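A.B. asks: Chains as they are written, first to last, in my numbering: chain D, 1 to 712; chain L, 1 to 422. Please find one structure pasted underneath; my questions will follow.
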Amino acid sequence: MVFQDHKRSVNKVCFHTIEPHILLSGSQDGTMKCFDLRKKEASSTFYSLSESVRDVKFSPHHYFLFAAVQENGNVQIWDMRRTDRYEKQFTAHTGPVFTCDWHPEERRWLATGGRDKTIKIWDLSMKPMVEHCIQTIASVARIKWRPQQKFHIASCSLVIDFTINVWDIRRPFVPLAAFNEHKDVSTGFAWHHEPHIILSTSKDSTLYLHVFKDAIRPADHANPIGLDISCYGDISYAASNKIVRNGRSSFKGESYSSTKLPVFFRKHPSASDQFRSAVSSIFVFKNDGDKFLSMTWFIESARRYILSGRSFAELCEHNASVASDLQRPHVAQTWRILKLLYNAVPNLGAEHSWGVPSVGSISEMLKGIERDEAFDNSQEGSKSSRHNSGNTFKNRHQSGSKQSSRHVSGGTGNGVATTDRPDTSGATDNSTDSEESDNDKTITNIASGLGNTQGDFFFGDGETDQLMGFQCTLSQAPTIDSAQDWNLPGEAFQPRHPIKDCSPPPELDNAPSSPTSFDEDYIETKSMVGINGEVYDYTKLLMTPEVPSSPAWVFNDVIVDMLHYFAAQGDVQMCVSVLLVLGERFKGFVDETTQEQWFHSYIEILSCFQLWNVANKVISLSTISSISSLNQQSTTIHTLCGNCRRQMTRIGWFCDRCKIMPTQCSVCHQAVRGLYAWCQGCAHGGHLQHIQEWLQYHPWCPTGCGHLCEYT
Amino acid sequence: MLSSRTLSSYFKTQALFAETFLQNNRLDHVTQLMGYHPQYLDPFLRTQNYILKGDGPLPFDYRHYIAIMASARHRCTYLVKLQIQEFLRQEGNKEWLNGLHQVPQKLRDLDELNKILAHQPWLFNKSHIEKLTKGKDNWSLSEVIHAIILLAHFHCLSTFVFGCGINPEIDLNEGHTFQHVTVPCNTQAINDCDSTQVDDVGVELLMLKMKTISEQHEESTQEERLMCFQKEQNQSAELISGFDNMSLPKSDVQRYTSDPDFSYQDFARHREASEITTFRIQDYSWEDHGFSLLNRLYNDAGTFLDEKFKIAYDMTYHRMGSKNNVDTSTFRRAIWNYIQCLYGIRHDDYNYKEVNELLEKNLKTNIKTLCCYPERTTKSDYDNVMREFRHSEKVHVNIMMLEARMQAELLYALRAIMRYMT
């Protein structure tokens, strides 16, 4: 008997599971035809509306249902009684679906395999959902459930892979069993009625009858091993006990200490589970301060570098001292050179054009400028010292909790120092701050110097600092001014170390502090005049001879080379920090894409070490728009409707569910889209401006609820 | 009046043109001509961009040099010159342009592959791959795949260039502005006057034949079908004969190739002479096998090509000449299968009698010349075939030639690679 009904080749035929004379065919021409073997021609035709039908399969559980899979990735479920339209259709794979199979026992399950190298198990009871997904190494040509084994499915592939794999769908990564006798692609296979025998054909013109116990168990040959390296250089490594026992795991390198972690959990395989269970041990190799692998310098400098908010020279000087603190003289020197190069030119020019009027007035001006920053500076200053040591870190917590007592103890501390031995107080300050930045040291010196009203002391010390070059002097002048502004907290802060160390006596807290600090203020203001006078002389002396010989050296290219050098060394931190500190001075010399790369990698490394604050600072300081907008993306905060407690996703001030505007202004009865001021007593509120106006004239809440609102 | 559909395709073309111009700094004539079919142009440009400029195993100068080699095989000066520009833009070594003897051995090894793929792809077997992948500075398998795609792409693009008679770009030699314009700017107007001038007998006859074919159900056995296929091949072998290859003028682009006399030989004759068998599409089809292998070795390229093939095969406007609402699928299928038949690829669910009925002799000659000896095409060839059809439809047929041929070349190549791998 020959049926000739399809226009193009037939891809698959399938007999009905119960009726022996019903045959279904799926063809390349996109139709499926149902034949009754007792008749001569097709009894019904189903149009799939796609280019070709790759596989058809009758459902073993339902008399009329069958599944058809298509070249365009769709799966259709048809009812034989209805030829015009499918019951259900869903997209199962990207690219053609080659095969499908109903589960013999589980009614809900349909398995499909396709060119996208996956086998998917669908739950059809409701909306089709992927229950399991198996990734194979090649396009799946045929699949078939293993009889009497609920979770086993066999597959063969279209190209490259010749084996027939049997998968446990609960263990989708390694096949449970594999038959690889074939020498070419296997074209088809069938299970015997019992689950232990499988018959397969192949393009190598052979037919094999496999017995399940001959199958290769790939899981037996796979050794579960996991390895990872943390950003701190620690290595953790998990391996199957089999390997560990055979060859004792050893690790070359002295700087690593190994610990074996206890096994946290062990899955006990049930008797029916044929899968091999593997017991592994986890080892952690801790990096014990190998200089080359340790990243402490990175973290420390990321925390302590100051990138903005002070004058250029200060930033450079500070960062240089941070670097030299961390035993990185190379980097420190770079910062200093930068300071030299960039600070010299503009300042000199400015100074020169003014013809050195009176530095007093300049410093007045600068003071005005600096005053704006003074508050920031004082914060910066305390922040920088906060990171100095673990000890200070602890202190900060305490002082943070009782801010007032910090001032008190500082004041008295200084008072003690001055009354006892003025000279040694300076010495102790210096010694305790030895690990601190030079800049801080200068400041401390100013502070102590001022405290002792010994201006000479400061300059004597300052000069050693300024051997670098005269141009520091001008920048030093603002330092003094700013120090003038913020030396009180600074001063109050510094001598805290000795006090903390020797556990401050209780009466310190009660000690009257205000008179002392007033005194100090007085002294400072007096001494400042003297200092300014000194500065004047000093700058004048050094300034005049040097100005004409100012070198017209174009060094930007050298800086570019230097940045590239650091980038090549893997120190993007340096690149980014230098770029940020230079800012406008160095615009357009490094092309934007390179800069972007540096920023991106620096931010990435920072987030590796969970230095979110630093990363965020870098992001916001960046002038490249794609970087600076990084922290403005993908953070959406939805407003919540006060009535139904739902997020208002569509519009922020109108609830789609309740059809009300939850943020109504109680004065003008319009929706509030910006700042919303509300009374914490009666919970009424509205536009900030309206509430403000209202409460100027009325003591009550604008809604009339009777609450006496208060606006502060 | 433009219908909304033509209007939307007009805007799509415009957008694609703008994009091309931005990417290539020029809007080359190939793209302009394909602008007739924006639906196809889109995947075409994406594929071309991907294989030339996207991620891939080969360095950029290599890619363009391979493109030069491939185009030179068909003496397509137009493409060679464009690719030389691109090659130099990628800072390719100028000395390589002096000819094959100047290039690294690695590239020179590819010449053999180029020759076979262009003219007789059925000779391609795994020993060629072996030769490339073994030895000093060898090719990796994904590099080979990339090179093969580039070669096939430019072989077939040469077919298109010759088939549509594309003029050199303005900035190239002989490409001055005041030349006879083959690509009219106002396609609509030309189409209109085209269809009114000629009578539609040819189209009507063709439609009638298509109708009868789709209605009749011929009972034929496998043997009969095989006979038809072979008959078709033998017939096509007789189409062009006695053409002397040497009569073509020597061209300077030949320095990028070797063995210039190697050319297409009719598959039918080959089969008699040797043991090379017909390629059955059922054994190795693009959708099943080719794609799977390609995507494995050169990721995403398979997806791009798959989309392009699919659109080239399925694209229709339900129009033929001046007639609308025509189901052109039989005609398109006949062209597609005829082209692959020239390369000895057989679709065994296809009745090759249809080819004979639907494609008249001069169309077949034209297709054969273009696929096998594109360099011999003349303007009269273009004018004389498919007289009743619009320009856009002729371009459509040329696109189909490009794609069917490319698929044939790739199928042979990929089959060889699969055999090599297993």
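A virtual CB, placed ideally from N, CA and C, is assigned to each residue, including glycine. The model shown is predicted, which means the values in this text are computed figures rather than measured ones.
1. Closest Cβ-Cβ distance between Tyr538(D) and chain L: below 8 Å?
2. Quick one: does Met207(L) have its CB under 8 Å from some CB of chain D?
3. Quick one: list the residues of chain L neighbouring Ala154(D), beta-carbon separation under 7 Å, in chain order.
4. Please check if any C-beta of chain L sits within less than 8 Å of the C-beta of Val97(D).
5. Mapping DSSP to helix, strand and coil, what is Ala568(D)?
6. Would you check if the distance between the CB atom of Gly114(D) and the CB atom of Pro96(D) is smaller than 8 Å?
7. In chain L, which residues lie with their C-beta within 7 Å of the C-beta of Glu41(D)?
8. Output, in chain order, the set of chain L residues within a Cβ distance shorter than 9 Å of Ile143(D).
9. Does any C-beta atom of chain D lie closer than 8 Å to the C-beta of Phe291(L)?
10. Can the beta-carbon of Gly92(L) be found less than 8 Å from the beta-carbon of Tyr65(L)?
11. How big is the Cα-Cα spacing for Ser675(D) and Phe609(D)?
12. Under 8 Å, Cβ to Cβ, is there at least one residue of chain L near Gln28(D)?
13. Would you list, in sequence order, the uninterrupted alpha helix (DSSP H) runs of no fewer than 4 residues that lie entirely inside the stretch 166-203 of chain D?
14. Counting only beta-carbon atoms, is Asp349(L) nearer than 8 Å to chain D?
15. Is Leu158(D) close to chain L? Criterion is C-beta to C-beta, closer than 8 Å.
16. Which chain D residues are close to Met418(L), counting only those with a beta carbon under 7 Å from its beta carbon?
17. What are the partner residues of Tyr208(D), as DSSP defines its beta bridges?
18. Counting contacts by CB-CB distance shorter than 8 Å, is Asp288(L) in contact with chain D?
19. Taking CB distances under 8 Å as the criterion, tell me whether Glu71(D) reaches chain L.
20. Suppose only complete runs of 4+ residues qualify. What are the alpha helix (DSSP H) ranges in the stretch 41-92 of chain L, listed by chain order?
21. Between the alpha carbons of Pro699(D) and Ala677(D), how many angstroms are there, rounded?
22. Given a cut-off of 8 Å, decide if Leu580(D) and Leu307(D) are closer than it, judged by their beta-carbon atoms.
23. Looking only at C-alpha atoms, which of Arg8(D), Cys34(D), Phe162(D) and Lys12(D) sits nearest to Pro20(D)?
24. Within a Cβ cutoff of 8 Å, which residues of the same chain sit near Ala268(L), ignoring the five residues on either side of it in sequence?
25. Under a CB-based cut-off of 8 Å, is Met421(L) close to chain D?
26. Could you pull out every residue in the same chain whose Cβ sits closer than 6 Å to the Cβ of Ser607(D), ignoring the five residues on either side in sequence?
27. Buried or exposed for Asp266(L), going by 16 or more other Cβ atoms inside 10 Å?
28. With 8 Å set as the bound, which would you pick, yes or no: does the beta-carbon of Arg107(D) sit closer than that to a beta-carbon of chain L?
29. Put Ile306(D) into one of helix, strand or coil per three-state DSSP.
30. Within 10 Å of its beta-carbon, does Pro59(L) have 16 or more other beta-carbons around it, so buried, or fewer, so exposed?
31. Between which two residues does the alpha helix (DSSP H) containing Met315(L) stretch?
32. Any idea what DSSP makes of Ala404(L), helix, strand or coil?
33. Name the one or two DSSP bridge partners that Leu370(L) has.
34. Quick check on the DSSP output: the alpha helix (DSSP H) that includes Ser158(L) runs from which residue to which?
35. Expressed to the nearest angstrom, what Euclidean distance is found between the alpha-carbon atoms of Tyr602(D) and Glu300(D)?
36. In the stretch 123-151 of chain D, which residues sit with their C-beta less than 7 Å from some C-beta in chain L, listed in chain order?
C.D. replies: So, from the listed chains and residues:
1. The residue labelled residue 538(D) in the question sits at position 538 within the first sequence. Reliability of the predicted coordinates at Tyr538(D) is poor, the pLDDT of 44 falling under 50, and the value obtained from them is presented with this limitation in mind. It does not: the Cβ of Tyr538(D) has no partner Cβ on chain L nearer than 8 Å.
2. Here residue 207(L) is taken as the residue at index 207 of the second sequence, counted from 1. Output row for Met207(L): interface = no.
3. Counting from 1 along the first sequence, the entry for residue 154(D) is found at position 154. Near Ala154(D) there are no residues of chain L at all, since even the closest Cβ is about 19 Å away, more than 7 Å.
4. Along the first sequence, read from residue 1 onward, the residue named residue 97(D) stands at position 97. With 8 Å as the cut-off, Val97(D) does not count as an interface residue toward chain L.
5. Translated into the one-based positions of the first sequence, residue 568(D) becomes position 568. Helix at Ala568(D).
6. As a first step, residue 114(D) is located in the first sequence; it is residue number 114 there, counting from the start. As a first step, residue 96(D) is located in the first sequence; it is residue number 96 there, counting from the start. In contact: Gly114(D) and Pro96(D) (Cβ atoms closer than 8 Å).
7. Numbered from its first residue, the first sequence carries residue 41(D) at position 41. Those within 7 Å of Glu41(D) in chain L number zero; the least Cβ separation is about 11 Å.
8. As a working note, residue 143(D) is residue 143 in the first sequence. The contacting residues do not exist; Ile143(D) stays about 15 Å from chain L at best.
9. Position 291 of the second sequence, counted from the first residue, corresponds to residue 291(L). With 8 Å as the cut-off, Phe291(L) counts as an interface residue toward chain D.
10. Stepping through the second sequence from its first residue, residue 92(L) is reached at position 92. Stepping through the second sequence from its first residue, residue 65(L) is reached at position 65. It is a contact, given that the beta carbons lie within the stated cut-off.
11. Numbered from 1 along the first sequence, position 675 holds the residue referred to as residue 675(D). Numbered from 1 along the first sequence, position 609 holds the residue referred to as residue 609(D). The sequence as given places Leu at residue 675(D); Ser does not occur at that position. If I take the Cα positions, the gap works out to 36 Å.
12. Numbered from 1 along the first sequence, position 28 holds the residue referred to as residue 28(D). Yes, its Cβ sits closer than 8 Å to a Cβ of chain L.
13. The stretch 166-203 of chain D is shown to contain no whole alpha helix (DSSP H) run of 4 or more residues.
14. Within the second sequence, residue 349(L) is the residue found at index 349, counting from 1. It does: the Cβ of Asp349(L) has a partner Cβ on chain D nearer than 8 Å.
15. Here residue 158(D) corresponds to residue number 158 of the first sequence, with the count starting at 1. At least one chain L Cβ lies under 8 Å of Leu158(D).
16. Your numbering for residue 418(L) matches position 418 in the second sequence. Within 7 Å Cβ-Cβ: Val159.
17. What you label residue 208(D) is simply residue 208 of the first sequence in a count that begins at 1. Note: Tyr208(D) sits in a beta bridge opposite Ser200(D).
18. Locating residue 288(L) in the second sequence gives position 288, counting from the first residue. Yes, because at least one Cβ of chain D sits closer than 8 Å to the Cβ of Asp288(L).
19. On the first sequence, residue 71(D) is found 71 positions in, with the first residue counted as 1. By this cut-off, Glu71(D) is an interface position.
20. 60-73 and 77-89
21. Within the first sequence, residue 699(D) is the residue found at index 699, counting from 1. Within the first sequence, residue 677(D) is the residue found at index 677, counting from 1. Cα to Cα, Pro699(D) sits roughly 16 Å from Ala677(D).
22. Position 307 of the first sequence holds residue 307(D). Position 580 of the first sequence holds residue 580(D). Yes, these two residues count as a Cβ contact at 8 Å.
23. As a first step, residue 20(D) is located in the first sequence; it is residue number 20 there, counting from the start. Measuring from the Cα of Pro20(D), the nearest candidate turns out to be Cys34(D).
24. Here residue 268(L) refers to the residue found at position 268 of the second sequence. Cβ within range, chain order: Gln230, Gln233, Asn234, Ser236 and Ala237.
25. For the purposes of this step, residue 421(L) is taken as the residue at position 421 of the second sequence. Interface residue, yes.
26. Taking the first residue of the first sequence as position 1, residue 607(D) is located at position 607. Within the same chain, Ser607(D) has close Cβ partners Ala615.
27. Mapped onto the second sequence, residue 266(L) falls at position 266. It is buried - the Cβ of Asp266(L) has at least 16 other Cβ atoms within 10 Å.
28. On the first sequence, residue 107(D) is found 107 positions in, with the first residue counted as 1. Output row for Arg107(D): interface = no.
29. Within the first sequence, numbered from 1, the residue matching residue 306(D) stands at position 306. It is coil, neither helix nor strand.
30. Taking the second sequence and counting its residues from 1, one reaches residue 59(L) at position 59. So Pro59(L) ends up on the exposed side.
31. Here residue 315(L) corresponds to residue number 315 of the second sequence, with the count starting at 1. From DSSP, Met315(L) is part of no alpha helix (DSSP H); its letter is neither H nor E.
32. The residue you call residue 404(L) lines up with position 404 of the second sequence. Ala404(L): helix per DSSP, three-state reduction.
33. The residue you call residue 370(L) lines up with position 370 of the second sequence. Looking at the DSSP output, Leu370(L) bridges to nothing.
34. Within the second sequence, the letter at position 158 stands for residue 158(L). From DSSP, the alpha helix (DSSP H) with Ser158(L) extends over Leu141 to Gly163.
35. As a first step, residue 602(D) must be located in the first sequence, where it is residue number 602. As a first step, residue 300(D) must be located in the first sequence, where it is residue number 300. Cα to Cα, Tyr602(D) sits roughly 14 Å from Glu300(D).
36. Ala138 and Ser139
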